[in-house]
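Colleague: To start, I am sharing the structure in question, which I have written as structure tokens.
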Amino acid sequence: MRSRFMNSLFDRGQPADAADSYKRRLAIYESELDEPEFTSRDTGDRRIDVHAFGRDFVPDCEEGSDEGYVLLTNGMSEQRMAVPPEAKETKARAELMWYVREATTEICSNLRWLGSVPFIDNTWFGFGHRVPMPAPPVRGTDFKTFLFLTPIITPDQRIAEQLSSGGDAAEILTVNLISDREYELIKNEGLDAFLDLLDENGYPPIFDPARKSYV
């Protein structure tokens, strides 16, 4: 049972409808991921919080462990993105997911910033979209480009299937960082060529800042 203190955190500074939507999304997240270990809270007007859910990424049928976090934004889907009419298959609302080893302040800040970009720049994110940065956004990696995909892990797919906001279905987009050469491959040969490389190289689900470029 959630305490009155926790409820006050959800409702603070939010209109009633937004607070209710926030709680509904969190309930969907928790139905698959249990309660978050912690939440990085947004003090800005848009209110995009980042929940950190602990996970062992090794399937139950296998031995060993591979512990990390599923980071999920909560609040990005309150606003519709500026999806053009010709992108008929793209959902106008989304939340972002990032699989990480440590849920650092740096990574949570990057995720929150990405969640605000469509509304700052009047743009939109969908499957296969890239956001190139002038410098690596995370310490320990040389990769500078964010790439959005969709979940392939079953509980995360179920979360995506249940999300909605303002009467619209909402999408989950997973966050990945790719090298300059991988970015060029996508631009020149298409996303499928890069996805094939991920399969061939056993791309790890948890973000590895020391990963070598596949190109």
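When the letters of the sequence shown are read in order and numbered with our numbering, they come out as residues 0 to 214. The beta-carbon is built from N, C-alpha and C at its ideal position, and this holds for glycine as well.
(1) Please classify V214: does DSSP put it in a helix, a strand, or coil?
(2) To the nearest angstrom, how far is it from the Cα of S49 to the Cα of V57?
(3) What did DSSP end up calling F124 once you bin it into helix, strand or coil?
(4) Checking 8 Å against the spacing of the C-beta atoms, do M80 and F124 come in under that value?
(5) Using 8 Å as the threshold, is the C-beta distance between N73 and E94 below it?
(6) Pick helix, strand or coil for R138, following the three-state DSSP scheme.
(7) So what does DSSP say about Y202, is it helix, strand or coil?
(8) With a cut-off of 8 Å on the beta carbons, I'd call P150 and T173 a contact; round off their distance for me.
(9) Grab the span of the beta strand (DSSP E) containing I177 for me, first residue to last.
(10) Please report the residue range of the beta strand (DSSP E) in which V49 lies.
(11) Taking the straight line between their C-alpha atoms, what separation do you get for Y202 and R111?
(12) Can you pull the DSSP bridge partners for Y98?
(13) Closest to T122 by C-alpha separation, out of T140, W97, L148 and P84, would be which residue?
(14) Assuming the contact rule is C-beta atoms closer than 8 Å, P204 and I152 should be a hit. Round their C-beta distance to whole Å, please.
(15) Around the Cβ of G63, are there at least 16 other Cβ atoms within 10 angstroms (buried) or fewer (exposed)?
(16) Is it buried or exposed for P133, if we count other Cβ within 10 angstroms and need 16 for buried?
(17) Suppose you measure from the CA of P206 to the CA of H128; what does that come to, to the nearest Å?
(18) Cα separation between D198 and R24?
(19) Please state whether the Cβ-Cβ distance between I171 and E31 is less than 8 Å.
(20) For V130, write down the residues that DSSP places opposite it in a beta bridge.
Modeller: Working from what's here:
(1) DSSP places V214 in coil when its eight states are reduced to three.
(2) For clarity, residue 49 is Val in the given sequence; the question names Ser instead. Whole-angstrom Cα-Cα distance: 23 Å.
(3) Three-state result, F124: coil.
(4) Yes. Within cutoff.
(5) The Cβ-Cβ distance between N73 and E94 falls below 8 Å.
(6) Reduced to three states, the DSSP call for R138 is coil.
(7) Three-state DSSP puts Y202 in coil, outside helix and strand.
(8) Sure, about 6 Å apart at Cβ, within 8 Å.
(9) Where I177 is concerned, the enclosing beta strand (DSSP E) stretches over D167 to I177.
(10) Residues D48 to D55.
(11) If you take the alpha carbons of Y202 and R111, they lie about 24 Å apart.
(12) Note: Y98 sits in a beta bridge opposite V69.
(13) Nearest of T140, W97, L148 and P84 to T122, Cα basis: P84.
(14) That belief holds up - the Cβ atoms of P204 and I152 are roughly 7 Å apart, short of 8 Å.
(15) Under a 10 Å Cβ-count criterion, G63 is classified as exposed, with fewer than 16 other Cβ atoms of the shown protein chains found around its own Cβ.
(16) By the 10 Å Cβ count, P133 comes out exposed.
(17) Strictly speaking, residue 206 in this sequence is Phe, with Pro absent from that position. The alpha-carbon atoms of F206 and H128 are separated by roughly 18 Å.
(18) Using only the alpha carbons, I get a separation of about 31 Å.
(19) No; because the gap between Cβ atoms is not below 8 Å, this pair is not in contact.
(20) DSSP, once it has assigned bridges, lists F145 as partnering V130.
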